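J.: Residue numbers (my numbering): -2 to 151.
We treat Cβ as the ideally placed atom computed from N, Cα and C, and that holds for glycine.
Quick caveat: nothing in here was measured; it's all calculated off a predicted structure.
Please see the structure below; I have some questions.
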């Protein structure tokens, strides 16, 4: 494994840890405020943090990066923000009912399914990665694992 892949893997693992923790805080906030209001509160908190991060970069960078907010960029940003609201509301609603583990597993399964399609069709750029038996088997194992992690009524 080369260093670029290793660094990418470490960052992805760290991001996964952050998503796991975010799920917990989103669930707690959703229980306190409800899914829609918690989604708004969390996005306001994220916007404040994002603005502070941009401000910090602007203070420390010797060369100021130019931000070109074209209509196309804004459309993608609005779509991503809208999807983010549905994600936060969904976590706030679902995790309190199915638990953190099975909720995260269901999200990861859905993400993997979408990612396999994106890779196969090369929708994110780069070369297509064909859908083969190995990938299908991986999705099936993930689906089974998600099912097994669902809470059982006793």
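Under 7 Å from any heavy atom of the ligand FAD, does the C-beta of residue 111 make it?
T.: Only the bare structure without any ligand can be found here, which leaves the ligand FAD out of the picture.
J.: Buried or exposed, going by whether 16 or more other CB atoms sit within 10 Å of the CB of residue 73?
T.: By the neighbour-count rule (16 or more Cβ atoms within 10 Å), residue 73 is not buried but exposed.
J.: Taking C-beta to C-beta, are residue 135 and residue 88 nearer than 8 Å?
T.: In this structure, residue 88 does not lie closer than 8 Å to residue 135 by Cβ.
J.: Let me confirm a value: residue 123 is counted as buried when at least 16 other C-beta atoms fall within 10 Å, else exposed. Which label applies?
T.: Answer is exposed; the Cβ neighbour count stays below 16.
J.: Applying the 10 Å Cβ sphere with the 16-neighbour rule, what's the burial state of residue 86?
T.: Label assigned to residue 86: buried.
J.: Quick check on DSSP: helix, strand or coil for residue 58?
T.: Here residue 58 sits in coil by DSSP.
J.: Would you please state the rounded distance, in angstroms, between the beta carbons of residue 40 and residue 81? I believe it to be under 8 Å.
T.: Right, the Cβ-Cβ distance comes to about 7 Å (below 8 Å), so this counts as a contact.
J.: Extract the residue ranges of the alpha helix (DSSP H) inside the stretch 91 to 151, only unbroken runs of 4 or more that lie entirely within it.
T.: Listed in chain order, the complete alpha helix (DSSP H) runs (minimum 4 residues) inside the stretch 91 to 151 are 97 to 118, 130 to 146.
J.: Determine contact between the stretch 101 to 114 and the stretch 135 to 149, defined as no fewer than three beta-carbon pairs at a distance below 8 Å.
T.: At 8 Å Cβ cutoff, the stretches touch.
J.: Identify whether residue 66 lies in helix, strand or coil by the three-state DSSP scheme.
T.: Residue 66: coil per DSSP, three-state reduction.
J.: Output needed for residue 177: all residues of its chain with C-beta closer than 7 Å, excluding positions within five of it in sequence on either side, in chain order.
T.: In the structure as shown, the chain begins at -2 and stops at 151. Residue 177 is therefore absent and cannot be evaluated.
J.: Spatial neighbours of residue 91 within its chain, please: C-beta separation below 7 Å, excluding the five flanking residues on both sides.
T.: Excluding positions up to five away in sequence, the list reads 100.
J.: Using a threshold of 8 Å, state whether the C-beta atoms of residue 26 and residue 38 are closer than that.
T.: It is a contact, given that the beta carbons lie within the stated cut-off.
J.: I'd like the span of the alpha helix (DSSP H) that includes residue 27, first residue to last.
T.: That run of the alpha helix (DSSP H) goes 0 to 30.
J.: Excluding five sequence neighbours on each side, which residues of the same chain lie with their C-beta closer than 8 Å to the C-beta of residue 35?
T.: 23, 26, 27, 29, 85, 86, 89, listed in sequence order.
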